[in-house]
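Our numbering puts the first residue of the sequence shown at 11, with every later residue one more than the last.
Input: a single structure, listed below in structure tokens.
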Amino acid sequence: MRLDWATLLGVLRDAQSFVLTSHVRPDCDALGSELGMLGILEAIGKDVRIVNAQATPANLKWIDPDRRLESLAEGVKKDDLVSRDVLIVLDTSAWAQLGAMGDVAKAMREKVLVIDHHVSEDDLSDRWFKDTSAEATARIVYEIGLRLKVPLSKRIATPLYAGLSTDTGGFRFPNVSGESFRVAARLVDAGADPTAIYRELFEQDSLARLHLVGRTLAGAQASHGGRVIVSTVRQSDIKEVQAQPADTEDLVNLTLAVKGTEVAVILIEQPDGRIKTSFRSRSQVDCNALAARFGGGGHKAAAGAILPGPFDVAHEQVLAAVDDACGGA
Ligand SMILES: [Mn+2]
């Protein structure tokens, strides 16, 4: 953990122009931290742009009513950014996660500042502001706003609440503390609307996605006395219900709802024939170790790997590895 408040607040106060960026395949903590930070910096008179590598996903555009999120994919030029005083990288510490913004970070090398809560890190910068105990980067941004004495507005509180809510799985992950709720309460007092944000985060599925969920759950197989549930998604399933590739997100977590499930696994056939495999654990079974057998990785409770096809071979290999990790049937 490296939290040098004096250095961080000094940089934020002294610099005049900022670019904020975050990781590819952005989520609400990435975008919410960017927008919260933008609101805070603008409140103290700074000139701020947010530029990501990729365009904002359609399902997350609600978080940006003022349309402040820009992207290289939508035509922002690297040369327009490099003269800015500071590049703040939020919610990632890895080059690979920056996508095309990695080139901008390289060009601005000595002006990069990282604000993040992830454990892993590359040599992105010499200026780190990391708190791996923070539930979300949005939580760190909230603390920055406090220290800069910026009053919380609805415009700042809403994206920060979305980030906090996303990275805590709706305030239920083990990273949640009493302080998470106190921060959330202050964000709600400042105008964040939990009902509206919940609807945006969790009630935006298409009927096709629901049909895919139905199919996937109908085919879920339990083993090891109900401790393990494995489900599969083939390209034919996705096509037949007319779902989108993104509709497979989060499917693996649904089977954890079954009483007694300790390990949930899903194999998702990709358009190129490879098989994206995700592991979830509610027990001592180490998902990171499981995924590592197939060249993947992640955390103990959640990890993933990409396996080559054909599907049936990958399926068999994964079942064997899970069996091994779970101590036989
Ligand atoms: Mn995060």
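Backbone N, C-alpha and C define an ideal beta-carbon position, used for all residues, glycine too.
In terms of residues, what are the limits of the beta strand (DSSP E) holding residue i?
| i | result |
| --- | --- |
| T31 | 27-31 |
| L277 | 273-279 |
| V124 | 122-126 |
| R137 | 137-140 |
In the DSSP assignment, find the unbroken alpha helix (DSSP H) run with residue i in it and report its ends.
| i | result |
| --- | --- |
| A228 | 217-228 |
| R23 | 15-24 |
| E44 | 38-53 |
| V34 | No alpha helix (DSSP H) holds V34; DSSP gives it neither H nor E. |
| L266 | Segment: none, L266 is in no alpha helix (DSSP H) and carries neither H nor E. |
Measure the beta-carbon distance from residue i to residue j and round it to whole angstroms, keeping in mind my assumption that it falls under 8 Å.
| i | j | result |
| --- | --- | --- |
| A311 | S291 | 5 Å |
| L174 | A146 | 5 Å |
| L197 | A167 | 4 Å |
| V29 | R59 | 5 Å |
| V240 | V275 | 5 Å |
| A117 | D39 | Contact flag wrong, Cβ pair sits at about 26 Å. |
| V114 | K140 | Not confirmed; about 21 Å, so no contact. |
| I54 | I154 | I54 to I154, Cβ: 11 Å. No contact. |
| S350 | G112 | No answer is possible for residue 350: the residues shown for the chain start at 11 and end at 339. |
| A172 | G307 | Not confirmed; about 27 Å, so no contact. |
| A110 | L79 | Between L79 and A110 the Cβ distance is about 15 Å, and since that is not below 8 Å, they are no contact. |
| R237 | G270 | 6 Å |
Say yes only if the C-beta of residue i is nearer than 6 Å to one or more non-hydrogen atoms of ligand 2, and no if none qualify.
| i | result |
| --- | --- |
| A302 | What this structure holds is ligand 1, not ligand 2. |
Hey, which unbroken runs of the alpha helix (DSSP H) at 4 residues or more fall wholly within the region 55-119?
-> 111-117
Within the region 282-323, ranges of the beta strand (DSSP E) (whole runs, at least 3 residues) | 285-291, 312-317
How about the region 62-72 and the region 127-137: do they share at least three Cβ pairs that are nearer than 8 Å?
-> no
Taking contact to mean at least 3 C-beta pairs separated by less than 8 Å, is the region 265-284 in contact with the region 244-256?
-> yes
Tell me the start and end of each unbroken alpha helix (DSSP H) in the region 148-206 that is at least 4 residues and wholly inside, in chain order.
-> 164-177, 188-199
Runs of beta strand (DSSP E) lying entirely within the region 224-258, each at least 3 residues, in chain order = 231-233, 238-243
Can you find at least 3 beta carbon pairs, one from the region 152-162 and one from the region 15-26, that sit closer than 8 Å?
-> yes
Do the region 41-51 and the region 105-124 meet, that is, are 3 or more Cβ pairs less than 8 Å apart?
-> no
On the three-pair Cβ rule with 8 Å, is the region 27-37 touching the region 97-104?
-> yes
Contact between the region 249-262 and the region 208-228 (3+ Cβ pairs under 8 Å) = yes
Pairing CB atoms from the region 176-187 with CB atoms from the region 66-77, are three or more of them under 8 Å?
-> no
For the region 293-302 against the region 320-335, are there 3 or more C-beta pairs whose distance is under 8 Å?
-> yes
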